[in-house]
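A.B. asks:
Numbering (our numbering), first residue to last: 6 to 362.
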């Protein structure tokens with residue numbers, strides 16, 4: 006009996022509720038309801054969402070990887086982790102953790118920029134971990150913001166440009182862009198993010214325009230991009246060094262670094278830097294701070310930086326009795342992205358009146 010009464014009772018309640026609503030809005034039963042305009046969702050594509058704490062596997066078990074795949078490798082004193090380029094182009098931002106260490110990894114396949122940072126700032130209470138997402142476009146690339154304060158950040162400089170944390174800076178981690186073949190050879194004990202190669206079937210990030218240094222800039226990048234500085238081709242990769250060490254910003258063409266595989270010394274206003282080319286797409290950069298400019302080499306078999314009997318790790322940690330090397334703050338991206346942030350940036354090896362190389 007109750008089962009027969011309840012549906013009728015509920016239907017009656019609905020009719021009463023609708024009638025009350027119509028009376029409150031001044032509508033009669035024979036009138037059409039007002040047209041409701043809902044916001045149209047835009048940019049709901051999956052690749053605009055961050056990748057959070059992805060699964061990893063050891064290099065030896067990485068059957069999903071192919072030798073020619075490009076990876077962004079993050080190097081810490083405790084080991085390395087590789088992020089396949091074909092995974093990163095679908096997300097652009099990774100909120101990850103290495104044990105108890107929170108890590109942010111960023112990639113823009115359009116401007117070829119990639120960076121990694123420790124995702125905390127001392128100014129927040131209790132060393133709050135920050136997590137990030139893409140939130141717009143600025144300065145020739147995308148812009149990220151943290152979920153905790155909604156402050157906006159540059160994805161490769163790791164500096165907050167707006168919001169509560171404006172002016173604060175994340176600590177940079179060393180990164181290398183390399184082929185999977187080179188990475189697994191150099192870091193056989195490292196980890197790699199696990200993903201299905203079906204990601205390569207996604208419309209976004211699947212064609213040749215996602216390749217490192219490809220001369221493609223989408224229309225929606227142009228409003229915030231500096232495409233007027235022709236001292237280099239717009240898509241030429243550069244080692245960009247933000248202001249540090251008593252000097253202003255400066256860019257070094259990656260092609261000059263890759264002229265030969267040997268370590269090179271560059272004389273800057275802030276001092277001498279040691280630059281070691283890595284797999285054509287990356288470099289290691291250290292401030293010498295008075296150390297000799299002679300006798301530097303890189304041992305591919307051990308992945309050690311050497312000078313005579315002295316040895317350092319890839320991140321500049323001493324492996325014998327000497328001081329560590331000071332890592333320079335830099336990232337690699339295409340020329341137009343760099344001068345979108347630093348339009349007055351000097352270009353190493355170019356005179357101020359030169360416009361085209």
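For glycine and all other residues, C-beta sits at the position ideal for the given N, C-alpha and C.
(1) Going residue by residue through the stretch 70 to 149, where are the continuous alpha helix (DSSP H) segments of at least 4 residues, counting only ones entirely within it?
(2) Would residue 106 pass as a contact of residue 175 if the rule is Cβ separation under 8 Å?
(3) Return yes when the Cβ of residue 116 is within less than 8 Å of the Cβ of residue 78, no when it is not.
(4) Identify, in the order they occur along the chain, each residue of the same chain with its Cβ nearer than 6 Å to the Cβ of residue 346, setting aside the five sequence neighbours on each side.
(5) Please go through the same chain and pick out, in chain order, the residues whose beta-carbon is closer than 7 Å to the beta-carbon of residue 195, but skip the five residues on each side of it.
(6) Smallest Cα separation from residue 278: which of 239, 264 and 250?
(7) Ends of the alpha helix (DSSP H) at residue 341?
(8) Checking 8 Å against the spacing of the C-beta atoms, do residue 177 and residue 137 come in under that value?
(9) For residue 156, which residues in the same chain have their Cβ closer than 7 Å to its Cβ, ignoring the five residues on either side in sequence?
(10) So, at 6 Å on beta carbons, what are the nonlocal neighbours of residue 234 in its own chain, with the 5 sequence-adjacent residues on each side left out?
(11) If you count every other CB in all the chains shown that lies within 10 Å of the CB of residue 264, and 16 or more means buried, which is it?
(12) Straight-line CA distance for residue 113 to residue 323?
(13) What does residue 331 pair with, by DSSP beta-bridge criteria?
(14) In the DSSP assignment, what are the bridge partners of residue 256?
(15) Tell me which same chain residues have a C-beta within less than 6 Å of the C-beta of residue 56, skipping the five on either side of it?
(16) So, residue 308 versus residue 319, is the Cβ gap smaller than 8 Å?
(17) With DSSP as the reference, label residue 229 as helix, strand or coil.
(18) Could you compute how far the alpha carbon of residue 202 sits from the alpha carbon of residue 161?
(19) Determine the burial state of residue 342: buried for a count of at least 16 other Cβ atoms within 10 Å of its Cβ, exposed for fewer.
(20) DSSP has residue 2 in a bridge; who is on the other side?
(21) Let me check you understand the geometry: is the CB of residue 95 closer than 7 Å to at least one non-hydrogen atom of the ligand SAM?
(22) Can you find the residues in the same chain that come closer than 6 Å, C-beta to C-beta, to residue 312, ignoring five residues on each side of it along the sequence?
(23) Based on DSSP bridge pairs, tell me the residues matched to residue 304.
(24) Quick one: is residue 225 buried, meaning 16 or more other Cβ sit within 10 Å of its Cβ, or exposed?
(25) Going straight from the alpha carbon of residue 61 to that of residue 183, what length do you get?
C.D. replies: The answer reads as follows:
(1) 90 to 93
(2) no
(3) no
(4) 144
(5) 64, 84, 85, 86 and 87
(6) 250
(7) 340 to 346
(8) no
(9) 150, 165, 167, 168, 169, 170 and 171
(10) 344
(11) exposed
(12) 33 Å
(13) 292
(14) 245 and 352
(15) 96 and 99
(16) yes
(17) helix
(18) 26 Å
(19) buried
(20) Given that the chain is displayed from residue 6 to residue 362, the structure contains no residue 2 and the question cannot be resolved.
(21) In the structure shown, the ligand SAM is absent, as is every other ligand, since no ligand is present at all.
(22) 300 and 301
(23) 309
(24) exposed
(25) 18 Å
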